[in-house]
Amino acid sequence: MVIQVKDFSKSFGKQKAVDNLNFVVNQGEIFGFLGRNGAGKTTTFRTLIGLYQADEGELLIQGHPFDDSLRNQIGYMPEERGLYTRATVMDVLLYMGRLRGLEKAEALSSSQKWLKRLKLEGHEKKRIQQLSSGMQQKVQIIVTLMHKPSILILDEPFRGLDPVNRQLVYDCMQELKRDGFTILFSSHEIHEVEQFCDRVILMADGQAKAYGKVEDIRRAYADRFLSLTILSGEIGEHEGIEWKRVHGNTVEIRYKEDTDPQSLIRDLMLNARIKRFEIAEPSLNDVFLQLCGDEVVVDE
4 MVIQVKDFSK SFGKQKAVDN LNFVVNQGEI FGFLGRNGAG KTTTFRTLIG
54 LYQADEGELL IQGHPFDDSL RNQIGYMPEE RGLYTRATVM DVLLYMGRLR
104 GLEKAEALSS SQKWLKRLKL EGHEKKRIQQ LSSGMQQKVQ IIVTLMHKPS
154 ILILDEPFRG LDPVNRQLVY DCMQELKRDG FTILFSSHEI HEVEQFCDRV
204 ILMADGQAKA YGKVEDIRRA YADRFLSLTI LSGEIGEHEG IEWKRVHGNT
254 VEIRYKEDTD PQSLIRDLML NARIKRFEIA EPSLNDVFLQ LCGDEVVVDE
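Counting from 4, one number per residue, gives the positions in the sequence shown under this note's numbering.
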């Protein structure tokens with residue numbers, strides 16, 4: 004394992020930001036943190052790289068707490084941009100590369116490589132403040148990658164990117180994964196985690212609510228979900244239904260814990276002709292709703 008977090012807790016005053024968190028990130032995987040703002044994602048990342056001190060527990064990278072010997076192995080991208088907005092793109096990249104220990108020629112070569120890969124060629128002489136939000140985000144990503152770290156810790160890396168550039172960054176992440184890089188990133192948008200991650204951790208109020216492969220998490224919470232195909236009529240309100248969604252002639256429902264599903268289906272058939280029904284595998288958002296009582300963002 005590359006990253007191991009054991010019994011980690013962190014408070015700010017009386018506010019507990021992270022409460023007894025445990026997880027591992029393996030070599031060469033993309034691992035996602037999913038949760039609303041304030042769930043504890045950023046606090047965990049900052050403690051991993053030594054910006055905060057843990058109140059309890061251990062946070063290990065390559066088997067050791069973070070120290071200067073690990074600094075150049077890690078590419079950390081904060082949620083807040085740290086770019087000099089009045090400087091040009093190339094000046095920012097060269098400066099940040101030198102801060103990371105690269106010689107000027109190395110910083111120039113790496114900058115040119117990533118500017119081309121992220122389709123920012125031709126913008127080298129523009130000031131950061133002249134770029135769109137998405138282009139600034141891509142510059143921030145280049146700053147994170149240019150010193151060739153083997154471990155990436157990315158806080159909301161897709162923020163501000165349109166779908167085309169989001170896919171472009173994702174493709175880069177997949178290439179890095181194939182080259183053996185380990186990637187840990189946070190998001191509050193569920194489609195990013197479902198699409199991009201090998202394994203995930205769902206967080207709310209500083210606690211891990213679920214942890215593992217996306218398909219395993221969905222399968223573990225598949226109880227009380229039904230998918231019905233309706234020929235005619237409609238599925239009305241019923242005291243046994245916790246919530247429902249309608250997609251054309253397909254109705255997905257989650258029934259209450261004390262409801263007998265066979266009795267529920269018999270009742271529903273009084274007002275609708277049901278062609279087919281089956282146990283439905285919930286989406287990751289369904290699971291989050293079940294565990295945390297509120298939805299994360301779903302990008303339509």
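In this text, a Cβ means the ideal position worked out from N, Cα and C, and glycines have one as well.
All of these numbers come straight from a predicted model, not from anything done at the bench.
Can you give me the Cβ contacts of residue i inside the same chain, cut-off strictly under 7 Å, excluding the 5 residues immediately before and after it?
i, result
"E159", "E82, S189 and S190"
"L148", "G78 and W117"
"D22", "S12, G209 and Q210"
For residue i, which residues of its own chain have a beta-carbon under 6 Å away from its beta-carbon, when the five flanking residues on both sides are left out?
i, result
"S286", "none"
"Q7", "V27 and L63"
"N168", "G137"
"L187", "V28, F34 and I156"
Can the beta-carbon of residue i be found closer than 7 Å to that of residue j?
i, j, result
"D58", "S14", "yes"
"D201", "E32", "yes"
"T232", "V5", "no"
"L234", "R276", "yes"
"L205", "K216", "no"
"G35", "V196", "yes"
Return the bridge partner residues of residue i from the DSSP annotation.
i, result
"F184", "DSSP, once it has assigned bridges, lists no residue as partnering F184."
"M206", "A211"
"Y258", "I244"
"S190", "L37"
"T147", "According to DSSP, T147 bridges with nothing at all."
"R130", "T91"
"V28", "I6"
"R279", "T232"
"F11", "L24"
"L157", "M80 and F188"
Could you tell me which of the options sits nearest to residue i, measuring between CA atoms?
i, options, result
"A223", "K247, D182, E255 and Q293", "Q293"
"R269", "E260, H250 and H241", "H241"
"T88", "R103, G125, L102 and Q139", "Q139"
"L164", "S153, Q143 and I154", "Q143"
"L3", "Y79, G236, V196 and G125", "Residue 3 lies beyond the stretch modelled for the chain, which goes from 4 to 303, so this question has no answer here."
"Q115", "H250, V146 and R49", "V146"
"L102", "E245, H150, S112 and H67", "H150"
"L24", "K9, R120, Y258 and A207", "K9"
"V203", "G85, Y258 and K44", "K44"
Got a sec? Which residues, its chain only, sit under 8 Å from residue i by beta carbon, not counting five neighbours each side?
i, result
"V299", "Reliability of the predicted coordinates at V299 is poor, the pLDDT of 44 falling under 50, and the value obtained from them is presented with this limitation in mind. Once the five neighbours on either side are set aside, the close Cβ partners of V299 are L37, G38, R39, H191, E192, I193, N288 and F291."
"T91", "E127, K128, K129, R130 and I131"
"G239", "N274"
"L271", "L231, I238, H241 and I277"
With residue i as the anchor, note down where its alpha helix (DSSP H) starts and where it stops.
i, result
"G60", "Careful: G60 lies outside any alpha helix (DSSP H), inside the beta strand (DSSP E) at E59 to I64."
"N288", "L287 to C295"
"M80", "Looking at the DSSP string, M80 is not in any alpha helix (DSSP H); the run it does join, the beta strand (DSSP E), is I77 to M80."
"A108", "K107 to R120"
"L51", "K44 to L51"
The beta strand (DSSP E) that contains residue i, what's its start and end?
i, result
"T232", "F228 to G236"
"Q265", "Premise fails: Q265 lies in the alpha helix (DSSP H), P264 to L271, not in any beta strand (DSSP E)."
"A307", "Not covered by the structure: residue 307. The range shown for the chain is 4 to 303."
Comparing the C-beta of residue i with each C-beta of chain C, is any distance below 7 Å?
i, result
"D174", "This model lacks chain C altogether, as it is built from one protein chain only."
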